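Trainee:
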Amino acid sequence: MSLKTLIDILEKLLHLHVEFVDLSKMKTNVVKNGDVDTLSSIIARERKLSRKMEKVEKERQQYMATWFEVNQPQEQEQTVTTLLSQVESEKDKEQLIELTTELMRTMAQLKQQEQLNRMLIQQSLQFVHFSLDLMNPTIESMNYGTDKEKQVRSKQSLFDSKV
Numbered sequence: 001m002s003l004k005t006l007i008d009i010l011e012k013l014l015h016l017h018v019e020f021v022d023l024s025k026m027k028t029n030v031v032k033n034g035d036v037d038t039l040s041s042i043i044a045r046e047r048k049l050s051r052k053m054e055k056v057e058k059e060r061q062q063y064m065a066t067w068f069e070v071n072q073p074q075e076q077e078q079t080v081t082t083l084l085s086q087v088e089s090e091k092d093k094e095q096l097i098e099l100t101t102e103l104m105r106t107m108a109q110l111k112q113q114e115q116l117n118r119m120l121i122q123q124s125l126q127f128v129h130f131s132l133d134l135m136n137p138t139i140e141s142m143n144y145g146t147d148k149e150k151q152v153r154s155k156q157s158l159f160d161s162k163v
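So in UniProt numbering, spot 49 of the sequence shown is number 49, and the numbers just go up one at a time.
1) Could you name the residues of the same chain whose beta carbon sits closer than 8 Å to that of K52, not counting the 5 residues immediately before and after it, in chain order?
2) Using a Cβ-Cβ cutoff of less than 8 Å, which residues in the same chain neighbour V18 once the five nearest sequence positions on both sides are dropped?
3) With a CB to CB cut of under 6 Å and the five nearest residues on each side skipped, what residues in its chain are close to K120?
4) Based on Cα-Cα distance, which residue from Q78, N29, L13, D92 lies nearest to S50?
5) If you draw a straight line from the C-alpha of S40 to the C-alpha of E69, how long is it?
6) How many Å lie between M64 and S85 at the Cα?
7) Using CA coordinates, which residue listed in T5, K58, S124 is at the minimum distance from V36?
8) W67 to T101, Cα distance in whole Å?
9) Out of M26, V21, Q74, K91, which one is the CA nearest neighbour of L3?
10) Measuring CB to CB, does Q113 end up less than 8 Å from K25?
11) Quick one: using the 10 Å Cβ neighbour count with 16 as the cut-off for buried, is K111 buried or exposed?
12) In terms of residue numbering, what span does the alpha helix (DSSP H) encompassing Q62 cover?
13) Taking DSSP as the reference, what is the three-state secondary structure of V30?
14) Could you check the C-alpha separation between Q122 and Q72 for me, to the nearest Å?
15) Rounding to the nearest angstrom, what Cα-Cα distance links T28 and F20 in this structure?
Okay, here's the thing in structure tokens:
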């Protein structure tokens, strides 16, 4: 069973993750600018990309399961690291190491970028809530005057009975 298929699958995964990082960077700029329409379109593109990624990941898992079934049926842990210990071709081994390393680096970059986006969105929401609170004052802030003025007004009646 050739490892070329696995290498192709990992290259697809890497490419999809790089696209995700690019979208995430675009999302950062959009959140900074407050462009909600563009943000919605980016999120829609991310959903499509996520579905593609799930499909490729299932393909990778199926290939790995098949490879281990054929080559190492007794192996319990079916990971790329375990597979690397079984690969004899140095060229394939180097390609797999390079691809998995780059994939892990890209995934870490994506995670960091998404944490930044989450923080920016939380700050935007806090600002919106603060602005709404300023626009909708509380009952206490709507009552003007001091407590003494309120007491004097309550002692006065609506009708002047001495007239």
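Backbone N, C-alpha and C fix where the C-beta goes; we use that ideal spot for every residue, glycine too.
Because the structure is a prediction, the values reported are computed rather than measured.
Mentor: Concretely, from the data shown:
1) L16
2) T106
3) Going by the sequence as given, residue 120 is Leu instead of Lys. If we look at L120 and ignore the five residues flanking it on each side, its Cβ neighbours are V31.
4) L13
5) 44 Å
6) 14 Å
7) S124
8) 21 Å
9) K91
10) yes
11) exposed
12) 36–71
13) helix
14) 48 Å
15) 12 Å
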